[in-house]
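Chains as they are written, first to last, in my numbering: chain A, 1 to 423; chain B, 1001 to 1279.
Here a beta-carbon is modelled for each residue, glycine too, at the ideal position from N, C-alpha and C.
Given the structure is predicted, the values throughout are model-derived calculations rather than measurements.
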């Protein structure tokens, strides 16, 4: 069996500590009502705004995936289905609703009733109904920020103004709900912290362009994504990403990769099957295949191509992040372009698309995506299907066969290419 | 003379093939057993029967490649490869000029684009649903009380094939019962069943560039009705080898022969990587 060299530096433990500290704060909020909490969607989140109130985020998707990775997602999913949610509803939604029905949390601690449910829906309109249901079940106030979808290469001035106005209304709403005055300086500092965290995160992502890549930009990147969503606007986040960059830079400078020998370099599209995360990772590790880039790690924000939050234009840059700089609010053609750049600039051998059965919204165009990469660009592409949260959709033997066949084919292509080059 | 074997442990049947290379490559023996519940035992039985037919001792076989869903359960196998890679290899050997393989097995169906040396260029598989597979046909045959061997020839006698709307392997039974109640003939119903699967397979294969020659592999290739239905929807001739059912095992045996050829191993195929990682 191929020896796996998973990223298990000090950063891994620091990440764990940070996330546990977050859950401890949520537990404290549940017990004391302090700090204020705001339920938000991970993608295009405006966590900087919350800092202006000393409030912290609750991310239902993070709670759901934590359960799935521990093989505990089916019970809450079934509870939601018993209530009437359909088999093909988003499994994140069902897991989250089921958790509330059954009082399940990802840790031993409690989760608070949020001060506000902020539906910052970007791209995924399922959130509108999801958060409406949450508001009803939790008896919490709901505010919806309507973020225009990316219809062209860039948002218009009116798109940005529209979102800025809604952010300012959110501020007023939160002032009423928390009884606290919005701290503009703290907001600006938070935006500046985000700028610094994003710069560091972007540098980490660019380390994966080296051969070998010092980390897996899919499986290991997921470990780093928690702090990105919860802490990027705080000094702890900046410190975390400074340490992560230093550690991975040192690893790369020493010539160390994820595996003894990096045999294949991949770009990954779509979230992982969290209920079989370990099994799925091992299927790639067997072939010493390292993900060098992934779209999933840009769900919360797309920073490797240059965008940063701007403390001189805090509201506008938060709005820009929500509209343009996260993968879920971008058009399918922009997703193609993002993937194409990854394949070319990160020097990948192939693309892996993971189709999520219960996510019609983001999986719907992936058949065409596969065609574009195989037929128009000639990029070897593997298409696999399961789910990000529901364990019932994962066929281990089928998935393994597809992955093995893909690598057998890549192996052959590489071998014949080297013979041709050598001849 | 180099002697090697391929064992293809499928969901329904297990196939073994022994091949030799003595300047020319030949199939020495082939065997077929039902897979049943004990996958490991099925692989052993198929291999033993094959050795017996070839009048060989197991130790005469220099290398064994396992393939199919049960490939990791073949205790005596030297390495494993997927049936996708093996079907492409086997089809290119038995039906030279193959560029597209349509493999219909017991529980899955696949379409494979094949390169000039029998390598996989691209492939698609059915998702977690038995529509378009041998199981769909088996269920249809069972509900009509007709043997699996008869349904293909009967379907060719259809005058007005019925329209089977469902692609669900379970619900097709109620569709068939409903047509029987309406007095439709068995031939017309079976004609509809075969066309329904052929159309389903076509939509799968269209995700690839379907280029001739097209070769059908897998157990369902023995069904002449299915071959004709596929030809009808594809608008092209479909090649079928008399060894269609054994093509995965043939491909595996060909890789096994390559493994025994040191000069070849250091050349084009470096499949060493596939040797590791048994599960």
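Status (buried if at least 16 other CB within 10 Å, exposed otherwise) for residue i
i, result
"residue 366(A)", "buried"
"residue 1256(B)", "buried"
"residue 1216(B)", "buried"
"residue 43(A)", "buried"
"residue 1020(B)", "buried"
"residue 20(A)", "exposed"
"residue 92(A)", "buried"
"residue 13(A)", "exposed"
"residue 1117(B)", "exposed"
"residue 250(A)", "exposed"
"residue 229(A)", "buried"
"residue 1071(B)", "buried"
"residue 1057(B)", "exposed"
"residue 1126(B)", "buried"
"residue 31(A)", "exposed"
"residue 329(A)", "buried"
"residue 1202(B)", "buried"
"residue 223(A)", "buried"
Cβ-Cβ distance between residue i and residue j below 7 Å
i, j, result
"residue 1097(B)", "residue 1213(B)", "yes"
"residue 64(A)", "residue 24(A)", "no"
"residue 1111(B)", "residue 1208(B)", "yes"
"residue 1080(B)", "residue 1066(B)", "yes"
"residue 1105(B)", "residue 1235(B)", "no"
"residue 106(A)", "residue 29(A)", "no"
"residue 382(A)", "residue 274(A)", "no"
"residue 1240(B)", "residue 1017(B)", "no"
"residue 1253(B)", "residue 1004(B)", "yes"
"residue 374(A)", "residue 327(A)", "no"
"residue 130(A)", "residue 201(A)", "no"
"residue 40(A)", "residue 118(A)", "yes"
"residue 281(A)", "residue 348(A)", "no"
"residue 292(A)", "residue 246(A)", "no"
"residue 144(A)", "residue 163(A)", "no"
"residue 1246(B)", "residue 1015(B)", "yes"
"residue 1082(B)", "residue 55(A)", "no"
"residue 1051(B)", "residue 1248(B)", "no"
"residue 1073(B)", "residue 1040(B)", "yes"
"residue 401(A)", "residue 384(A)", "no"
"residue 182(A)", "residue 191(A)", "no"
Alpha-carbon spacing of residue i relative to residue j, whole angstroms
i, j, result
"residue 1188(B)", "residue 1027(B)", "39 Å"
"residue 206(A)", "residue 301(A)", "15 Å"
"residue 313(A)", "residue 322(A)", "14 Å"
"residue 100(A)", "residue 1183(B)", "54 Å"
"residue 341(A)", "residue 209(A)", "12 Å"
"residue 386(A)", "residue 270(A)", "11 Å"
"residue 1221(B)", "residue 1002(B)", "30 Å"
"residue 1038(B)", "residue 1123(B)", "29 Å"
"residue 1206(B)", "residue 267(A)", "24 Å"
"residue 1230(B)", "residue 1238(B)", "8 Å"
"residue 1007(B)", "residue 309(A)", "59 Å"
"residue 1022(B)", "residue 1157(B)", "46 Å"
"residue 1194(B)", "residue 68(A)", "41 Å"
"residue 278(A)", "residue 11(A)", "19 Å"
"residue 1270(B)", "residue 1063(B)", "Its pLDDT being 38, under 50, residue 1270(B) is placed unreliably in this model, and the value from its coordinates should be taken loosely. Rounded to the nearest angstrom, the two C-alpha atoms are 15 Å apart."
"residue 1043(B)", "residue 1034(B)", "10 Å"
"residue 169(A)", "residue 193(A)", "23 Å"
"residue 421(A)", "residue 345(A)", "For residue 421(A), the pLDDT reaches just 43, beneath the cut-off of 50, and the residue's location in the model is therefore unreliable, leaving the point undetermined."
"residue 1210(B)", "residue 1113(B)", "7 Å"
"residue 1031(B)", "residue 1242(B)", "14 Å"
"residue 114(A)", "residue 16(A)", "23 Å"
"residue 1179(B)", "residue 1161(B)", "11 Å"
| Do the stretch 251-261 of chain A and the stretch 204-217 of chain A make contact, defined as three or more Cβ pairs closer than 8 Å? | yes
| said: Quick check on the DSSP output: what are the complete beta strand (DSSP E) runs of length 3 or more inside the stretch 23-49 of chain A, in order along the chain? | reply: 37-39
| said: Contact between the stretch 78-90 of chain A and the stretch 401-418 of chain A is defined here as three or more beta-carbon pairs at a separation below 8 Å; is this criterion met? | reply: No, the stretch 78-90 of chain A does not touch the stretch 401-418 of chain A.
| field | At least 3 beta-carbon pairs within less than 8 Å: the stretch 283-291 of chain A vs the stretch 356-375 of chain A | value | Contact between the stretch 283-291 of chain A and the stretch 356-375 of chain A is absent, because fewer than three Cβ pairs lie under 8 Å.
| task | For the stretch 260-311 of chain A, list the beta strand (DSSP E) runs that are entirely contained and at least 3 residues long, ordered along the chain. | result | Considered as a whole, the stretch 260-311 of chain A harbours 264-269, 289-294 as its complete beta strand (DSSP E) runs of no fewer than 3 residues, in chain order.
| query | Counting pairs of Cβ atoms below 8 Å between the stretch 184-203 of chain A and the stretch 39-56 of chain A, do you hit three or more? | reply | Three or more beta-carbon pairs separated by less than 8 Å link the stretch 184-203 of chain A to the stretch 39-56 of chain A, which places the two stretches in contact.
| query | For the stretch 306-320 of chain A against the stretch 237-244 of chain A, are there 3 or more C-beta pairs whose distance is under 8 Å? | reply | no
| query | Which ranges would you report for the beta strand (DSSP E) in the stretch 336-389 of chain A if only whole runs of at least 3 residues count? | reply | 350-356, 381-386
| task | Scan the stretch 1008-1058 of chain B and note each continuous alpha helix (DSSP H) run of 4 residues or more that stays entirely inside, going in chain order. | result | 1039-1053, all fully within the stretch 1008-1058 of chain B.
| said: Threshold first: 4 residues or longer. Then list the alpha helix (DSSP H) segments lying entirely within the stretch 78-162 of chain A, N to C. | reply: 91-102, 126-138
| task | Tell me the start and end of each unbroken beta strand (DSSP E) in the stretch 1201-1253 of chain B that is at least 3 residues and wholly inside, in chain order. | result | Runs of the beta strand (DSSP E) inside the stretch 1201-1253 of chain B: 1214-1217, 1238-1240.
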